[in-house]
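Heads up, the thing below is written out as structure tokens.
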Amino acid sequence: MNEARLTRRALIAGAGTAALAAPLLAQQAGRMIDLALPGGPSLRPTTPAFPGKGEMIVQRIRPPLLEAPMEVFREGVITPNDRHFVRWNWDMPTSITAAEHRVAIGGAVTKAVSLTLDEVAAAGEHFSVVAVNQCAGNGRGLSTPRVTGTQWGNGAMACAKWTGVRLRDVLAKAGVAEGAKRVRYAGLDVPLTDGAPQFIKSLPMDIAMRDDVLVAWAMNDEPLPILHGFPLRIVVPGWFSTYWVKMLSTIEVLTGEDESYYVAKSYRMPAQPITPADKDFDTVPIEAMPPRAFITSHADGAAVAKGKPLVLEGMAFGGDAALERVDLVGAGWSIPCSLGPDEHGPYAFRRWQVELPSVSGDLTQIGVRATNVKGAVQPETLAWNPSGYARNVIERITLRAQ
Amino acid sequence: MRASLILPLLALLAACDAAPKASFADASITLPDDPIDLPEGPGRDAVLANCTACHSPSTLLQQPKVSREKWEEIAGKMIKVYKAPVDPAAIPDIAGYMVHVQAQPEARQ
């Protein structure tokens, strides 16, 4: 028995005791949702028991992994904060005193500084962007063959308005030195075993200095909830959520490559397509998101009226570039869908709709295919990878004509 | 009369135009407990002693079926990468338990 385990156990026991007043999940459990994960286990409980959250699918209780049921995406393009998915790599503090929080900036800078929240907020012009926040592993549980890790359905995505200051303005408080290559940052979530890698991520300099990469404190005009990274989180529109570090507390400017675990070893994809049998292959980091589209008006297996017109609806997003088009596709055919208004810019959800004049029979394995303005198109087949990252295969459903 | 009405309105609009001031209040939450226990089975003690400190039972029980070798590899990764205090001698029991629980039919509620 070693000390790290004792420490961890003590923490768990302490948390349990302190949390006697905590809502008991079992007593507040909602319905069970079937995520249709091939081969199962596929049933997940839902609960409204997490602070500030509505009914969410529980993927893990501590640290929390909460997924939005797909019905959340049935209307509108802004995901309410209480239905925004939650994902923590390590345990995070559950209480933060604003006046004591600091963001330390060091590394290759002119002058290392430690900023209060007010100093961060005063670092530059306040800026808002509406952007999709999506876990790199969204849809992992749907991989075939299956892969281990958090078994998300497709609900680890959301779209919100983020407000803060530009990361480059915060960096300017310390002054970026000559030869800077990357900006690395970390939050307050830390591993509880000694020597385990901290969840730190970094951006290449050109991305870090972008006009719309933020240190954000507001989400849909509300202060960031603790579960979403209070008091500050990084926002990188168009890039996967893994770069959107929460509870931001340190920033480090690097003059070389980032060799830390979550950049150099984890959150990586095969550089070229592989098969599940392949063992040795080059990898590249998960960065920009590809386009995706979802049918939200009908679930797989739903009944539709034979001989009647049928309206299908849903939402789509372009990933790291604006959505260009959405097509309804079946075996050997495709029909263009009409896009809803471009309300919130290139990184937001957008609605789509298509009307079929008459349903003549079952609509077997239909799906919607998004294309973005850079020409990225959702593929027919899954680009399988051993960590289940960046899923954007066309999602298929079958509708029964009755 | 009319001018006196318009002036306060203009002042109000100007206030709205300015970027809202960021203000930071203290924040605190209480998270729910994890009530799901691990089902009985050979190797359960090894899992309780080595795995559940970091992994919720709920997460353990939601993993897809993979081979005994894959579970052994995963337990080994916990030691090597995450420096988890897992007893290497317990790995066969841990893998055995995971294979056992994954062979059971999924509980329907």
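In order, the protein sequence lines correspond to chains A and B.
Taken in order, the first sequence gives residues 1112 to 1513; the numbers are from the numbering used here.
Taken in order, the second sequence gives residues 4 to 112; the numbers are from the numbering used here.
Built from N, CA and C at the ideal position, the CB exists for glycine as well.
Owing to the predicted nature of the structure, the values given are computational and were not obtained by experimental measurement.
I'd like to know whether the C-beta atoms of residue i and residue j end up nearer to each other than 8 Å.
{"i": "P1175/A", "j": "L34/B", "result": "yes"}
{"i": "L1148/A", "j": "G1252/A", "result": "yes"}
{"i": "N1265/A", "j": "F1405/A", "result": "yes"}
{"i": "G1217/A", "j": "R1194/A", "result": "no"}
{"i": "G1441/A", "j": "I1477/A", "result": "yes"}
{"i": "I1385/A", "j": "T1353/A", "result": "no"}
{"i": "V1294/A", "j": "A1319/A", "result": "yes"}
{"i": "E75/B", "j": "A49/B", "result": "no"}
{"i": "P1334/A", "j": "F1341/A", "result": "yes"}
{"i": "S1435/A", "j": "V1188/A", "result": "The sequence shown places Glu at residue 1435/A, rather than the Ser named in the question. No, these two residues do not count as a Cβ contact at 8 Å."}
{"i": "P1159/A", "j": "G1141/A", "result": "yes"}
{"i": "P1308/A", "j": "Y1372/A", "result": "yes"}
{"i": "I1337/A", "j": "T1205/A", "result": "yes"}
{"i": "I1144/A", "j": "I1168/A", "result": "yes"}
Using the Cβ count rule (16 or more neighbours within 10 Å means buried), how would you classify residue i?
{"i": "A1247/A", "result": "buried"}
{"i": "G1486/A", "result": "exposed"}
{"i": "P3/B", "result": "Outside the modelled stretch of chain B, which goes from 4 to 112, sits residue 3/B, for which no answer is possible."}
{"i": "R1185/A", "result": "exposed"}
{"i": "S1313/A", "result": "buried"}
{"i": "V1220/A", "result": "buried"}
{"i": "A1210/A", "result": "exposed"}
{"i": "D37/B", "result": "buried"}
{"i": "W1355/A", "result": "buried"}
{"i": "T1366/A", "result": "exposed"}
{"i": "D1369/A", "result": "buried"}
{"i": "W1463/A", "result": "buried"}
{"i": "D1300/A", "result": "buried"}
{"i": "G1298/A", "result": "buried"}
{"i": "E1363/A", "result": "buried"}
{"i": "Q1513/A", "result": "exposed"}
{"i": "E43/B", "result": "exposed"}
{"i": "T1208/A", "result": "exposed"}
{"i": "D29/B", "result": "exposed"}
Grab the span of the alpha helix (DSSP H) containing residue i for me, first residue to last.
{"i": "Y1354/A", "result": "Segment: none, Y1354/A is in no alpha helix (DSSP H) and carries neither H nor E."}
{"i": "Y1372/A", "result": "1372-1375"}
{"i": "A1283/A", "result": "1278-1283"}
{"i": "Y85/B", "result": "Where Y85/B is concerned, there is no enclosing alpha helix (DSSP H), given that its DSSP letter is neither H nor E."}
{"i": "D1317/A", "result": "1316-1319"}
{"i": "N53/B", "result": "47-53"}
{"i": "L1228/A", "result": "1228-1232"}
{"i": "S61/B", "result": "60-63"}
{"i": "Q105/B", "result": "94-105"}
For residue i, which residues of its own chain have a beta-carbon under 8 Å away from its beta-carbon, when the five flanking residues on both sides are left out?
{"i": "P1490/A", "result": "N1503, V1504, I1505"}
{"i": "A1133/A", "result": "Because A1133/A carries a pLDDT of 42, less than 50, the predicted location of this residue cannot be relied on, and the following value inherits that uncertainty. Hits under 8 Å: none found."}
{"i": "P108/B", "result": "none"}
{"i": "H1409/A", "result": "V1415, L1423, I1508, L1510"}
{"i": "D1473/A", "result": "T1509, L1510, R1511, A1512"}
By alpha-carbon positions, which one of the options ends up nearest to residue i?
{"i": "A52/B", "options": "A92/B, Q65/B, V69/B, F27/B", "result": "A92/B"}
{"i": "D1229/A", "options": "V1276/A, F1238/A, A1269/A, A1271/A", "result": "V1276/A"}
{"i": "K73/B", "options": "S26/B, A106/B, V102/B, P60/B", "result": "V102/B"}
{"i": "T1255/A", "options": "P95/B, I94/B, V69/B, A98/B", "result": "V69/B"}
{"i": "A87/B", "options": "S31/B, D48/B, T55/B", "result": "T55/B"}
{"i": "T1304/A", "options": "P67/B, I94/B, Q65/B, H58/B", "result": "H58/B"}
{"i": "F1460/A", "options": "L1467/A, K1272/A, V1287/A", "result": "K1272/A"}
{"i": "V1241/A", "options": "L1493/A, G1260/A, V1324/A, V1479/A", "result": "V1324/A"}
{"i": "Q1170/A", "options": "P1162/A, G1163/A, P1180/A", "result": "P1180/A"}
{"i": "A1232/A", "options": "G1260/A, T1205/A, K1284/A, E1182/A", "result": "K1284/A"}
{"i": "S26/B", "options": "P1159/A, G1141/A, H1237/A", "result": "H1237/A"}
{"i": "A1288/A", "options": "N1331/A, A1307/A, M1316/A", "result": "M1316/A"}
{"i": "N1331/A", "options": "A1512/A, C1270/A, R1173/A", "result": "C1270/A"}
{"i": "L1421/A", "options": "E1466/A, L1177/A, D1322/A, S1377/A", "result": "E1466/A"}
{"i": "A1327/A", "options": "R1344/A, I1311/A, H1339/A", "result": "R1344/A"}
Going along the chain, which residues of its own chain have a beta-carbon closer than 7 Å to the beta-carbon of residue i, five neighbours each way excluded?
{"i": "V1395/A", "result": "R1379, M1380, A1382"}
{"i": "N1249/A", "result": "W1263, N1265, A1267, M1268, R1502"}
{"i": "V89/B", "result": "N53, A78, M81, I82"}
{"i": "V1258/A", "result": "R1251, P1497, S1498, G1499"}
{"i": "A1399/A", "result": "G1349, W1350, G1430, D1431"}
{"i": "A1494/A", "result": "P1384"}
{"i": "T1492/A", "result": "V1504"}
So, at 6 Å on beta carbons, what are the nonlocal neighbours of residue i in its own chain, with the 5 sequence-adjacent residues on each side left out?
{"i": "A1329/A", "result": "T1274"}
{"i": "A1215/A", "result": "S1225, T1361"}
{"i": "R71/B", "result": "A98, V102"}
What are the boundary residues of the beta strand (DSSP E) that includes residue i?
{"i": "G1532/A", "result": "Here chain A comprises residues numbered 1112 to 1513, so residue 1532/A is not present and cannot be evaluated."}
{"i": "N1483/A", "result": "1474-1483"}
{"i": "R1295/A", "result": "1293-1297"}
{"i": "I1446/A", "result": "1444-1447"}
{"i": "M1143/A", "result": "1143-1145"}
{"i": "G1412/A", "result": "Unbroken run through G1412/A: none, as it is neither H nor E."}
{"i": "L1467/A", "result": "1461-1467"}
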